[in-house]
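Residues 277 to 474 (our numbering) are what the sequence shown spells out, left to right.
For each residue, glycine too, the CB sits at the ideal point set by N, CA and C.
Keep in mind the model is a prediction, meaning the values are calculated, not measured.
Report on the structure given below.
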Amino acid sequence: MNLQKISEIAAREMKTKSSHPFKEPGNKYYHGQRTAEIIKQLCPIVGYTGNMEILIVSAWFHDICNGEEHHENKGAAKTSLLLHDLCSESELKDIHRIISVHDERTKSDLSTDEKIHQDADLLDHFGTFEVWNYFQYALKEKMSMTDAAYLLLDDSKFSPFNKIHFEISQRIYDERRSYVKSFAERMLKESNGVILFP
């Protein structure tokens, strides 16, 4: 598999596009890149011995059709077409499989590579990215600073995405949410003029 050429295709297809009008160009391209980096760090910790290149490519392309209905299946099909000359039939089958189930977090018979991908995908949505993402949303919705802080503190919005497969992923998630909550609590205080004395 020629990762350099595949990476160039990912950039060409996604680096200038936005999945939603209020998000920056290339938002899903950069999300895919970060998801791949998280995968590289998770794999040795969870003892994954499979083909990491399959996971990396799946990460790069998994949201290529985000913003469209049934984006998982459309994205899997589009990725297969884009990469048909650069991957073996077996590699394409695995990439298609991982992309097509990346949001099926309640599925009970997920493979290890599907679980790793799902955890990495989920983890990228939290921490500093979460702040960045919700600030963009708050600006679009013309929310006040106080309302944006409450939005960051609201855990209920994460319930559809809270299935985490590995213990290390849970620890990373908990740390990222703790950071955001601490940030939002301070933001809430400062949005009301409170001085935090050193």
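Could you give the distance in angstroms between the alpha-carbon of glutamate 451 and the alpha-carbon of leucine 318?
One Cα belongs to glutamate 451, the other to leucine 318, and the distance between them is close to 15 Å.
Could you give the distance in angstroms between the alpha-carbon of aspartate 389 and the alpha-carbon of lysine 416?
A straight line joining the alpha-carbon of aspartate 389 with that of lysine 416 spans about 36 Å.
Buried or exposed by the 16-neighbour rule on C-beta atoms within 10 Å, applied to tryptophan 408:
Result: exposed.
Between Asp361, Ser387, Asn349, Lys391, which lies nearest to histidine 372 when the distance is taken from Cα to Cα?
Checked all of Asp361, Ser387, Asn349, Lys391; the closest Cα to histidine 372 is Asn349.
Going by Cα to Cα distance, which pick from Thr325, Lys383, Arg288 is closest to isoleucine 340?
That would be Arg288, whose Cα lies nearest to the Cα of isoleucine 340.
Three-way DSSP call (helix, strand, coil) for threonine 422 in this model
Helix.
Taking one C-beta from the stretch 384-402 and one from the stretch 312-327 each time, how about it: are there three or more such pairs within less than 8 Å?
Cβ pair count under 8 Å is three or more, so yes.
Ignoring anything shorter than 4 residues, give me the alpha helix (DSSP H) runs that lie fully in the stretch 338-406, in order along the chain.
As far as the stretch 338-406 is concerned, its whole alpha helix (DSSP H) runs of at least 4 residues are 347-358, 365-376, 388-400.
Assuming the contact rule is C-beta atoms closer than 8 Å, lysine 281 and leucine 362 should be a hit. Round their C-beta distance to whole Å, please.
Going by Cβ atoms, the distance from lysine 281 to leucine 362 rounds to 6 Å, so yes, they are a contact pair.
Let's see if you can read the secondary structure: which residues bound the alpha helix (DSSP H) around phenylalanine 459?
Counting along the chain, the alpha helix (DSSP H) containing phenylalanine 459 begins and ends at 443-467.
Just checking my contact of isoleucine 321 with isoleucine 444 at CB under 8 Å: how many whole Å lie between their CB atoms?
The pair is a contact, with the Cβ atoms about 5 Å apart (cut-off 8 Å).
Give every residue of the same chain whose Cβ lies closer than 8 Å to the Cβ of asparagine 468, excluding the five residues on either side of it in the sequence, and list them in chain order.
Closer than 8 Å at the Cβ level, and outside the excluded window around asparagine 468, lie Thr422.
What three-state label does DSSP hand methionine 277 in the structure shown?
If DSSP states are grouped into helix, strand and coil, methionine 277 belongs with coil.
Does the separation of the CB atoms of histidine 401 and isoleucine 374 fall below 9 Å?
With a cutoff of 9 Å on beta-carbon distance, histidine 401 and isoleucine 374 are scored as not near each other.
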